[in-house]
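Novice:
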């Protein structure tokens, strides 16, 4: 179909640590980096821990390591990413994006030989890509809508204000109860190049099995590639978690499933670094 295992893609060592001591030869063969672009192109998509092509964190490991909770793979970024590996509920946005560009690149969005994006055709915002059924509109990642993916999906009316502008002062926010909110944190002005959130406490939908899946979690989209599944939060946690945007803004998708759901955090802007 045009996909390969996510944990075998070029550059994976920036995102995961692999405990090769647990693996026999067959296991190690499944973690060889596949760098032949004749057979695989990622079309500028970022590493996606929730890809349907990503192994579970214990895959090919020993029974005893599994019993004591020692994974074969773990995230090099945030611990929560480790709990996203191995989901089989659905293909992710970037999984479908790669498949569609391999087989249905009728809008000329990408070069199928190199996987490079044709910037002249890249009118889609927020990592969307042209709809092969109608090239005048875009297919949008989770959280975004509009012909060019320029809009954030509307929140429930109970969410009240959902757009916040960050300066150097930390501002606390609390979202609670059963509702769907799409919360945007943006820099107040050009003085600030990034935004940062610090999550202090949350009670999110629980894991499915032992995996945190997009349909049943809070989601933090802070990466430059908005097509990659954001950091998913499941269960209950009160350890501080600080996240800085890779681009100018952060989109928080709060999906409260009952009146016990909540997300407490603060936000601030990050100023340009002086050179």
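Numbering (UniProt numbering), first residue to last: 1 to 275.
Glycine is no exception: its CB is placed at the ideal position from the N, C-alpha and C atoms.
Only a predicted model underlies this, so the values are computations on that prediction, with no experimental measurement involved.
#1: Restricting to Cα atoms, I'd like to know which of 3, 11 and 31 is closest to residue 40.
#2: Which term fits residue 267, buried or exposed, when burial requires 16 or more other beta carbons within 10 angstroms of its beta carbon?
#3: What residue range does the beta strand (DSSP E) around residue 27 cover?
#4: Does the contact criterion of 3 or more C-beta pairs under 8 Å hold for the segment 4 to 24 versus the segment 100 to 108?
#5: If you reduce the DSSP assignment to three classes, tell me which class residue 151 lands in.
#6: According to DSSP, is residue 101 part of a helix, a strand, or is it coil?
#7: Between which two residues does the alpha helix (DSSP H) carrying residue 182 extend?
#8: So what's residue 54 in DSSP terms, helix, strand or just coil?
#9: State the start and end residues of the unbroken beta strand (DSSP E) segment that holds residue 244.
#10: Does the distance from the C-beta atom of residue 123 to that of residue 157 stay below 7 Å?
#11: In terms of residues, what are the limits of the alpha helix (DSSP H) holding residue 177?
#12: Residue 184 and residue 244 - do their beta-carbons sit closer together than 7 Å?
#13: Which of the three DSSP states is assigned to residue 90 in this structure?
#14: Helix or strand or just coil, what does DSSP make of residue 216?
Specialist: Considering the structure as presented:
#1: As a working mapping, residue 40 is identified with position 40 in the chain shown. Taking only the C-alpha atoms, the option nearest residue 40 is 3.
#2: Here residue 267 is taken as the residue at index 267 of the chain shown, counted from 1. So residue 267 ends up on the buried side.
#3: Start at 1 with the first residue of the chain shown, and residue 27 comes out as number 27. It is not in any beta strand (DSSP E) - residue 27 instead sits in the alpha helix (DSSP H) that spans 25 to 29.
#4: no
#5: Within the chain shown, the letter at position 151 stands for residue 151. DSSP places residue 151 in strand when its eight states are reduced to three.
#6: For the purposes of this step, residue 101 is identified with residue 101 of the chain shown, where counting begins at 1. Helix.
#7: As a first step, residue 182 must be located in the chain shown, where it is residue number 182. No alpha helix (DSSP H) contains residue 182, which is instead part of the beta strand (DSSP E) from 180 to 187.
#8: The count along the chain shown starts at 1 and reaches residue 54 at position 54. Residue 54: coil per DSSP, three-state reduction.
#9: Counted from its first residue, the chain shown places residue 244 at position 244. Taken as a continuous stretch (DSSP letters only), the beta strand (DSSP E) holding residue 244 covers 241 to 244.
#10: Position 123 of the chain shown, counting from 1, holds the residue named residue 123. Position 157 of the chain shown, counting from 1, holds the residue named residue 157. Against a cut-off of 7 Å, the Cβ pair of residue 157 and residue 123 comes out as no contact.
#11: Here residue 177 refers to the residue found at position 177 when the chain shown is read from its first residue. Taken as a continuous stretch (DSSP letters only), residue 177 belongs to no alpha helix (DSSP H), as it is neither H nor E.
#12: Numbered from 1 along the chain shown, position 244 holds the residue referred to as residue 244. Numbered from 1 along the chain shown, position 184 holds the residue referred to as residue 184. Not a contact, by the Cβ cut-off of 7 Å.
#13: Stepping through the chain shown from its first residue, residue 90 is reached at position 90. Residue 90: coil per DSSP, three-state reduction.
#14: Stepping through the chain shown from its first residue, residue 216 is reached at position 216. Helix at residue 216.
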